[in-house]
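Quick note: the sequence shown uses this note's numbering, first residue 753, plus one each step.
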Amino acid sequence: MTKEEKIACIHNYVNAYNAFDIEGMLRHLHEDVVFRNYSKGVVEVETHGIHEFKRLAEQSKGVFSSRRQAIKAIKINDEEAEVELDYKGVLAVDLPNGLKTGDTVDLEGRSIFRFSGNKIYILEDHS
Numbered sequence: 753m754t755k756e757e758k759i760a761c762i763h764n765y766v767n768a769y770n771a772f773d774i775e776g777m778l779r780h781l782h783e784d785v786v787f788r789n790y791s792k793g794v795v796e797v798e799t800h801g802i803h804e805f806k807r808l809a810e811q812s813k814g815v816f817s818s819r820r821q822a823i824k825a826i827k828i829n830d831e832e833a834e835v836e837l838d839y840k841g842v843l844a845v846d847l848p849n850g851l852k853t854g855d856t857v858d859l860e861g862r863s864i865f866r867f868s869g870n871k872i873y874i875l876e877d878h879s
């Protein structure tokens with residue numbers, strides 16, 4: 753993939769994520785995609801394969817009534833793309849950590865995208 757194609761793929765994936773469009777997200781993922789979510793350097797969630805990723809995305813969809821990832825910057829090299837993000841979401845459910853329905857979650861983070869062919873093969877979210 754060219755640098756421009758990688759950037760377009762990332763934007764399309766993030767736009768689908770923001771729209772709760774799971775099929776749109778999956779369209780950009782490799783069949784054997786590996787997803788990891790890190791919080792303070794610790795892996796909180798990990799999936800292997802597009803079916804596990806879809807199941808997680810469907811479960812997560814109900815947690816927020818709205819959500820938005822805003823891309824602040826993208827750095828691309830031959831191996832990967834590092835994307836700096838602002839995240840804002842409004843909870844649709846109460847969470848065990850004490851956050852309540854209607855609370856707003858604001859985070860800054862970064863995502864690492866690695867590609868195989870023209871698809872996202874590894875996706876790591878860090879917050």
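By construction, the Cβ of each residue, glycine as well, lies at the ideal position given by its N, Cα and C atoms.
Bear in mind the structure is a predicted one, so any value in this text is a computation, not a measurement.
Taking a contact to mean a Cβ-Cβ separation below 7 Å, would you say residue i touches residue j in this structure?
{"i": "Ile872", "j": "Val786", "result": "no"}
{"i": "Ile826", "j": "Val835", "result": "yes"}
{"i": "Arg866", "j": "Glu832", "result": "yes"}
Which residues mark the beginning and the end of the beta strand (DSSP E) in which residue i is found?
{"i": "Ser879", "result": "No beta strand (DSSP E) holds Ser879; DSSP gives it neither H nor E."}
{"i": "Leu843", "result": "833-843"}
{"i": "Leu859", "result": "856-868"}
Measure the alpha-carbon distance for residue i versus residue j and round it to whole angstroms.
{"i": "Ile762", "j": "Lys813", "result": "19 Å"}
{"i": "Tyr793", "j": "Ile774", "result": "The identity of residue 793 in the sequence shown is Gly, whereas the question assumes Tyr. Their backbone Cα atoms lie some 26 Å apart in a straight line."}
{"i": "Lys758", "j": "Val797", "result": "24 Å"}
{"i": "Gln816", "j": "Ala768", "result": "With the sequence shown as reference, residue 816 is identified as Phe, and Gln is not the correct amino acid for it. Computed Cα separation, rounded: 15 Å."}
{"i": "Asn770", "j": "Met753", "result": "24 Å"}
{"i": "Gly776", "j": "Tyr765", "result": "7 Å"}
{"i": "Ala760", "j": "Ala844", "result": "30 Å"}
Taking 7 Å as the threshold (beta carbon to beta carbon), is residue i in contact with chain D?
{"i": "Asn849", "result": "Within the model displayed, chain D is absent; a lone protein chain is all it includes."}
What span of residues does the alpha helix (DSSP H) with residue i cover, start to end?
{"i": "Leu778", "result": "774-778"}
With three or more C-beta pairs closer than 8 Å as the rule, is the region 858-870 touching the region 834-843?
yes
Taking three-plus beta-carbon pairs below 8 Å as touching, is the region 794-803 in contact with the region 816-829?
no
Kindly provide the ranges of any alpha helix (DSSP H) runs that are 4 or more residues long and lie completely inside the region 782-820, ordered along the chain.
802-813
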